[in-house]
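A short write-up of the structure that comes next.
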Amino acid sequence: MMDEKQLLQHNEKIVAELEKDLRYISAIIKQKGRELLTDFSITPPQFVALQWLFEEGDMTIGDLSNKMFLACSTTTDLIDRMEKKELVMRVRDPKDRRVVRIHLLDKGEKIIDEVIKKRQVYLQDVLNDFTADEVLTLKDNLSRLHKVMRKD
179 MMDEKQLLQH NEKIVAELEK DLRYISAIIK QKGRELLTDF SITPPQFVAL
229 QWLFEEGDMT IGDLSNKMFL ACSTTTDLID RMEKKELVMR VRDPKDRRVV
279 RIHLLDKGEK IIDEVIKKRQ VYLQDVLNDF TADEVLTLKD NLSRLHKVMR
329 KD
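Under the working numbering, residues 179 to 330 are what the sequence shown spells out, in order.
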């Protein structure tokens, strides 16, 4: 008798449907996020940079470039524009003055906070048709999937 794990491993149709659903959900979230950004004077890549700085704290251009999968020169231009908008600032590392880190300023943090709150309101509206148990099951399964994917 095949257990549930083996059944899932062998059912290519289910895996294909899961991949497609996750891809579509990701695209919808990205599009909604872009719509929300029209209220602010920032581009989607600038928002992604703000998110990384918000979640990870100060980091170098190189670290941020790696997180965003961008060339360092592209990230430098991005940070230049964000500095002009007073979203971030460059600060010298007190332990090593040769190292410059990008620091998130209050204005940038407020944008992150507002956009995330609006995303949560949108998600709450979407989840209104789900039962409390369905929402908890979805959360648990997505958290588990994320945890497994982070290990790779």
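Where is the CB? At the ideal position from N, CA and C, for every residue including glycine.
Classify residue i as helix, strand or coil using the three-state DSSP reduction.
{"i": "D217", "result": "coil"}
{"i": "D255", "result": "helix"}
{"i": "L248", "result": "coil"}
{"i": "L283", "result": "coil"}
{"i": "D199", "result": "helix"}
{"i": "D274", "result": "strand"}
{"i": "K183", "result": "helix"}
{"i": "K262", "result": "helix"}
{"i": "F232", "result": "helix"}
{"i": "N306", "result": "coil"}
{"i": "N189", "result": "coil"}
{"i": "D330", "result": "coil"}
With distances taken Cα to Cα, identify the nearest neighbour of residue i among the options.
{"i": "D236", "options": "S219, P223 and I257", "result": "I257"}
{"i": "L331", "options": "R276, I280, P272 and K285", "result": "An answer regarding residue 331 cannot be provided, because it is not within the stretch 179 to 330 covered by the chain."}
Using C-beta distances below 7 Å, list every residue in its chain close to residue i, excluding the 5 sequence neighbours before and after it, in chain order.
{"i": "I208", "result": "Just to set this straight, residue 208 is Lys in the shown sequence, not Ile. Correct list: empty, nothing qualifies."}
{"i": "R287", "result": "The sequence as given places Glu at residue 287; Arg does not occur at that position. Closer than 7 Å at Cβ, skipping near neighbours: F232."}
{"i": "T252", "result": "none"}
Suppose the cutoff is 8 Å on Cβ atoms and the five residues either side in sequence are ignored; what does the same chain contact list for residue i look like?
{"i": "M267", "result": "E261, I280, H281 and L283"}
{"i": "P223", "result": "M246, L248 and L256"}
{"i": "T238", "result": "V277, V278, R279 and I280"}
With DSSP as the reference, identify every bridge partner of residue i, one or two as the case may be.
{"i": "V269", "result": "R279"}
{"i": "M237", "result": "I280"}
Using C-beta distances below 6 Å, list every residue in its chain close to residue i, excluding the 5 sequence neighbours before and after it, in chain order.
{"i": "I290", "result": "L228 and F232"}
Subject >> Stretch-stretch touch, CB-based, cutoff 8 Å, three pairs: the region 289-302 with the region 217-237 >> reply: Result yes; three or more Cβ-Cβ pairs closer than 8 Å.
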